[in-house]
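In this note's numbering, the protein residues as written are 26 to 721. Note that CB positions come from ideal geometry on N, CA and C, so glycine has one too. Note that the coordinates shown come from a computational prediction; the quantities given were computed from them, not determined experimentally. A short worksheet on the structure shown next.
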């Protein structure tokens, strides 16, 4: 790694060492028009600020309380309904009480989207286990992966809750592969409209939407849900995929209202929120920032620095412009802070993609970021749709962007073409049946929602089925389309009780994405894995552990500082000797112990003792099989068990002319098994084989 240590230490201990630059207005940069982020001088009173705002008709949209308290310098977002961003900056620069004023920049998620047909699940997660499988027409190189299976075979049992914040477009917490791994605020009573924990956010149960100021952190696009699945999709549950660190909890930090851009003010507030959780005892260890922008921001720099001082690592994307960001910087990737890890991408062949940004002074390491399979919101999956009445079932089609539901029950009212005057008053809290024609589908549904309908059915005006789009992502009600024939039949029965079902096929809510956005969460997962195995490790040592856990690649020389691609197994086993560091530290107070020696002289090497779960320093602690014969037919085998191990019973009834075969299925968590004795066999041999418990 070629980054200088001294500047990093200065950045850590001198929090106000940020060098403010004179803002040059650039209309090509993307920002929130009519908004600025302002930092006032320390001695500026609230009344002075209030008077200035009143005179110029300015309004406070958001205050950054953590930054303000830390540096005794008011920090806030100001808005104006009359002045442009450029005019706001010019006005505030004339006020001597203002230290800095900057636009509320928008940062873009860093993905490249490809949408091939979905095939397998774990077998298509080449980034975790590359066997040379063909993904989207590309044959991988065996071993060009992050060594996921090896890492989890070495991981210790942990009762610690490790939290990773995802600053992104939101997360679909209802996804069946994610729902059990979304962090829930234990101090907040759900939906009582009260800020129970006194942190300034009402009903922040599953994170928060900092873009719109709402409790609803659901995905405004699909990017945040995809990132979340890469980190923490539930493992070994029989569906979908596995997250790279599936024993972490995800804290949704939504900073985008449109699913594409994240505004600086929302990002800063999200990081403040994560830091405050950490300060209150919640184990937030990392923030994933799969976005970038070509402009720096003082408040963002300082709040990331505060996160580092609290013990939080920010993993961020290098970007996808194919540029050297040492020369053309992007942010937050290029902030020189010791708690930032900047990530670029590799492909299935361990090559460096042409889209990936690089820079040996700015990019730390790479991780797989090409054709990465992960979760997407339920609303984007294949949706099974039907209308059910007392005597009929009408199959339907889902409308793009429409809401989903396992079942909405109500009275179906015929609302003709869906103009505002077509909706009877009774349709409120019921179901609207609307004919296709004359106005846009989205207009029909907007009118239905304005009338209070909680679901809608659109029937065709020509023969055949119908499907369509509501044009843009929003909080739409469930909408399904049915044939003209079904619609006419249903309209003649209205009003009639019915149920609208629009529920995703759960096997379809996975998709491929490409970009440094997909590589970054693998490194965030690595931070989570390090925190599970080494919970007391300080931040600088944890960063060092991550940056040492690489496989050197020729394709990454002169591209990233470490010249390496992430190797997750080296997080747990830094010297790659087959013995996890935490195990060596527990028994020997150091790492680097030889796996082949037998220090307690009990006949079992260190490696054998690790696999068996026995004590390598106690000769009386070793793997032994006991047995008891009961009567003429029953045999009981006993042996010591260990966490994260499974056991196979093997039998050979025709030794030595035949081999061993397994009896029954794998055994987990028990060292006792009853077997039937094989009658009329002169020799019967039994073996107990230890195997890893976790097999996706």
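Range covered by the alpha helix (DSSP H) that runs through residue i
i           : result
residue 635 : 631-637
residue 565 : 564-573
residue 536 : Per DSSP, residue 536 belongs to no alpha helix (DSSP H); it is in the beta strand (DSSP E), 535-539.
residue 516 : 509-518
residue 298 : 289-304
residue 472 : 466-475
8 Å Cβ cutoff met for residue i and residue j
i           : j           : result
residue 351 : residue 313 : no
residue 505 : residue 410 : yes
residue 511 : residue 423 : no
residue 624 : residue 604 : no
residue 359 : residue 549 : no
residue 122 : residue 73  : yes
residue 204 : residue 400 : no
residue 300 : residue 91  : yes
residue 382 : residue 344 : yes
residue 167 : residue 178 : no
residue 484 : residue 442 : no
residue 16  : residue 131 : Lying before the first or after the last residue shown, residue 16 is absent from the chain, which here runs from 26 to 721.
residue 258 : residue 267 : yes
residue 321 : residue 356 : yes
residue 110 : residue 128 : yes
residue 116 : residue 84  : no
residue 284 : residue 246 : yes
residue 250 : residue 241 : no
residue 76  : residue 102 : no
residue 544 : residue 369 : yes
residue 59  : residue 106 : yes
Unbroken beta strand (DSSP E) run spanning residue i, endpoints
i           : result
residue 105 : 100-105
residue 389 : Careful: residue 389 lies outside any beta strand (DSSP E) and carries neither H nor E.
residue 585 : No beta strand (DSSP E) holds residue 585; DSSP gives it neither H nor E.
residue 480 : 480-484
residue 688 : 686-693
residue 182 : Run containing residue 182: none; DSSP gives neither H nor E here.
Selection from the options that minimises the alpha carbon distance to residue i
i           : options               : result
residue 454 : 481, 334 and 315      : 481
residue 495 : 532, 404 and 519      : 404
residue 782 : 230, 450 and 487      : What the structure shows of the chain is the stretch from 26 to 721, and residue 782 is not part of that stretch, so it cannot be assessed.
residue 159 : 362, 290, 71 and 374  : 374
residue 584 : 196, 380, 260 and 477 : 380
residue 622 : 517, 615, 634 and 614 : 634
residue 215 : 429, 644, 231 and 327 : 231
residue 211 : 222, 326 and 428      : 222
residue 165 : 101, 88, 372 and 225  : 372
residue 437 : 523, 418, 328 and 71  : 523
residue 479 : 468, 291, 415 and 502 : 502
residue 16  : 445, 68, 616 and 651  : With the chain covering only 26 through 721, there is no way to say anything about residue 16.
residue 626 : 641, 661, 613 and 614 : 641
residue 493 : 461, 513 and 471      : 461
residue 452 : 630, 310, 427 and 476 : 476
residue 235 : 191, 263, 219 and 209 : 191
Beta-carbon contacts of residue i that lie in its chain and below 7 Å, excluding the five residues immediately before and after
i           : result
residue 564 : 333, 336, 338 and 364
residue 173 : 153, 154, 269 and 593
residue 407 : 529, 530 and 533
Sequence-distant residues of its chain with Cβ nearer than 6 Å to residue i (five each side left out)
i           : result
residue 553 : 187, 189, 270 and 273
residue 142 : Here residue 142 scores only 26 on pLDDT, less than 50, and its place in the model should not be relied on; the value that follows carries that caveat. No residues qualify anywhere along the chain.
residue 435 : 455 and 456
residue 150 : 266 and 398
residue 1   : Any answer about residue 1 is impossible in this case: the structure gives the chain only from 26 up to 721.
Buried or exposed (CB count within 10 angstroms, at least 16 for buried), residue i
i           : result
residue 170 : buried
residue 439 : buried
residue 153 : buried
residue 198 : buried
residue 200 : buried
residue 207 : buried
residue 636 : buried
residue 277 : buried
residue 578 : buried
residue 653 : exposed
residue 645 : exposed
Sequence-distant residues of its chain with Cβ nearer than 8 Å to residue i (five each side left out)
i           : result
residue 139 : Low confidence applies to residue 139: its pLDDT is 32, below 50, so where it sits in the model is not reliable, and the reading given next is rough at best. Cβ neighbours of residue 139 beyond the five flanking positions: 161, 396, 537, 538 and 539.
residue 716 : 670, 671, 672, 673 and 691
residue 328 : 89, 91, 92, 293, 296, 297 and 300
residue 557 : 180, 181, 183, 185, 187, 270, 272 and 273
residue 570 : 555, 559, 562, 596 and 599
Proximity test, Cβ basis, 8 Å: residue i and chain B
i           : result
residue 685 : Although the question refers to chain B, the structure presented lacks it and comprises just one protein chain.
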